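Per the numbering used here, the very first residue in the sequence shown carries number 19; after that it's consecutive.
Cβ atoms here follow ideal geometry from the backbone N, Cα and C, with glycine treated the same way.
Model, not experiment: these values are computed from the prediction.
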Amino acid sequence: MSTILVTGGAGYIGSHTVVELVKAGYDPIIFDNFSNAKPAVLPRIKQICGRSVPFYAGDIRVREQMERPFKENKIDGVIHFAGLKAVGESVKKPLEYYDNNVHGSTVLLEVMRDYGCHNFIFSSSSTVYGEPDKVPLTEDSPIKRANSPYGQTKIDIEYMAEELQKAVPEFSVTLLRYFNPVGAHESGLIGEDPRGIPNNLMPYLTQVAVGRLECLTIFGKDYPTPDGTCIRDYIHVVDLATGHVAALKHCLDKPGVHIYNLGTGTGYSVIDMVKAFSKAIGHELPHKFGPRREGDVVCCYADPSKAKNELGWVATHTLEDMTRDAYNWQKNNPNGYDD
Ligand code: NAD
Ligand code: UFG
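Encoded structure:
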């Protein structure tokens with residue numbers, strides 16, 4: 019079976035994808051510098067998979083470190099998760115974001131080209147669509163200048179990989195645009211473990227639920243949506259992980275540029291999420307309303323039919339599954355991987 023290098027494989031989406039790769043018979047290799055992950059994830063992955071997964075400690079920006087797995091293994095393809103992802107932080111530290119994300123991806127793609135590894139799958143984001151003119155978003159919806167350096171790095175890396183594919187036509191470049199990944203593996207062994215106070219809705223909800231935070235503030239209540247709060251396409255992280263396996267099966271050694279939205283196609287408001295979460299924990303989750311958060315798009319959800327038609331992939335987990343698994347992970351690991 020194919021050997022797949024997973025950059026950022028110790029992180030939230032990467033760790034779940036490694037598990038699904040093993041399950042599907044692939045041989046993943048994890049590459050991570052632990053800038054936003056903990057070594058404790060590795061034995062957890064082993065426990066779920068029933069075998070250990072090879073690991074390289076390294077930084078994608080450092081050529082000698084990035085080359086090591088290619089020197090020591092025949093790598094058939096790369097799934098590239100490694101990068102910084104905090105929108106607010108990127109506004110304060112733009113250069114760090116361009117360096118880590120864009121420069122890091124340049125080094126990775128150079129090494130892949132030089133070692134003749136032509137299968138590249140990239141973690142892009144629905145953020146490339148900006149504030150949508152209409153929903154649901156298809157892969158042909160216009161790309162808009164991003165409203166954060168983070169979002170702009172996703173657009174830049176997409177373009178860079180597409181340009182490389184034109185120059186080196188053997189490349190198979192797959193751009194996966196994720197909507198809002200949430201939830202955790204059903205075992206409760208791996209999940210999202212953000213540093214400090216979470217920026218994203220779901221980890222905030224789970225931390226309020228276990229008493230680590232007091233109360234959720236809902237950002238804005240006067241948006242032009244049915245209940246006045248913003249709408250997103252939340253997707254279970256295990257569905258996202260199987261989306262990568264489906265993309266790998268379809269795109270491996272198929273030269274060209276392949277672009278897929280990975281979402282469920284259903285939009286939920288912040289209030290819907292609070293209600294679903296309150297149901298999962300059996301009482302009303304403490305919440306209050308605050309001002310709008312700058313830069314938030316009003317309503318964003320996917321048309322996932324291209325992935326369904328071409329990859330044979332659909333998201334199968336319900337909102338109930340997402341809240342149950344997120345809560346289960348947080349309950350079992352109130353301090354994340356630090357326990
Ligand atoms: P994460 O922070 O949990 O995972 C990223 C991993 O990359 C971490 O383990 C981190 O240690 C590692 N890393 C960062 N910089 C590195 C470097 N220079 N060298 C080596 N390793 C490095 O984030 P995630 O939520 O799992 O996201 C994975 C990818 O998906 C990211 O590229 C992110 O931008 C993208 N994405 C995430 C979301 C989301 O909401 N979580 C949405 C759309 C796209
Ligand atoms: N929200 C709150 N209170 C909170 C946190 C979030 O009300 O404490 C609201 C936000 O205002 C938004 C919704 O919950 O309406 C979802 O917010 P998230 O931060 O969870 O998700 P975003 O859609 O804003 O951003 C996410 C990722 C970005 C990525 C984007 C598109 O964080 O990295 O999806 O993929 F760019």
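Indicate whether residue i and residue j have their beta-carbon atoms separated by less than 8 Å.
| i | j | result |
| --- | --- | --- |
| histidine 98 | leucine 60 | no |
| isoleucine 48 | valine 71 | yes |
| valine 292 | leucine 337 | no |
| aspartate 45 | methionine 19 | yes |
| phenylalanine 140 | leucine 194 | yes |
| glycine 101 | asparagine 217 | no |
| arginine 213 | asparagine 51 | no |
| threonine 334 | cysteine 269 | no |
| aspartate 151 | cysteine 248 | no |
| cysteine 67 | glycine 95 | no |
| glycine 206 | asparagine 91 | no |
| serine 287 | threonine 243 | yes |
| phenylalanine 133 | phenylalanine 88 | The residue you asked about is not phenylalanine; residue 133 is tyrosine in the sequence shown. Cβ distance < 8 Å, so tyrosine 133 and phenylalanine 88 count as in contact. |
| valine 255 | proline 221 | no |
| valine 129 | arginine 81 | yes |
Would you grab the beta carbon distance between residue i and residue j for me? Rounded to a whole angstrom, and I think it's under 8 Å.
| i | j | result |
| --- | --- | --- |
| glutamate 176 | tyrosine 278 | That belief does not hold up - the Cβ atoms of glutamate 176 and tyrosine 278 are roughly 12 Å apart, past 8 Å. |
| aspartate 251 | glycine 281 | 4 Å |
| threonine 145 | lysine 103 | Their Cβ separation, rounded to whole angstroms, is 10 Å, which puts threonine 145 and lysine 103 out of contact at 8 Å. |
| glycine 261 | alanine 320 | Actually they do not touch by this definition, with Cβ atoms about 11 Å apart. |
| glutamate 180 | valine 275 | 5 Å |
| glycine 201 | aspartate 343 | 4 Å |
| arginine 131 | phenylalanine 237 | Contact doesn't hold; Cβ gap of about 43 Å is too wide. |
| threonine 35 | alanine 259 | 4 Å |
| histidine 121 | arginine 86 | Not really, about 18 Å apart at Cβ, beyond 8 Å. |
| serine 143 | proline 273 | Rounded, the Cβ-Cβ distance is 24 Å, inconsistent with contact. |
| valine 37 | histidine 203 | 7 Å |
| lysine 64 | aspartate 211 | About 17 Å separates the two Cβ atoms, so there is no contact after all. |
| serine 108 | tyrosine 115 | 4 Å |
| glycine 283 | proline 322 | 5 Å |
| cysteine 17 | leucine 155 | A question about residue 17 goes unanswered here, because the residues of the chain that appear run from 19 up to 357. |
For the segment 293-304 against the segment 257-268, do three or more pairs of beta-carbon atoms, one drawn from each stretch, fall closer than 8 Å, so that the two count as touching? no
Give, in chain order, every unbroken run of the beta strand (DSSP E) that is at least 3 residues long and sits entirely within the segment 135-181. 137-143
Can you confirm whether the segment 23-32 touches the segment 165-172 when touching is taken to mean that 3 or more C-beta pairs between the two stretches lie within less than 8 Å? no
TODO: Give a yes or no on contact between the segment 220-235 and the segment 345-352, applying the rule of three or more CB pairs nearer than 8 Å.
DONE: yes
**Request:** With a floor of 4 residues, list each alpha helix (DSSP H) that falls wholly inside the segment 23-108, ordered by position along the chain.
**Result:** 30-41, 59-67 and 81-90
Runs of 3 residues minimum, wholly inside the segment 254-313: which ones carry the beta strand (DSSP E) assignment?
274-280 and 305-308
Practice item. Give, in chain order, every unbroken run of the alpha helix (DSSP H) that is at least 4 residues long and sits entirely within the segment 314-351. Key: 337-350
### Start-end ranges of the alpha helix (DSSP H) lying completely within the segment 174-249, minimum 4 residues
219-227
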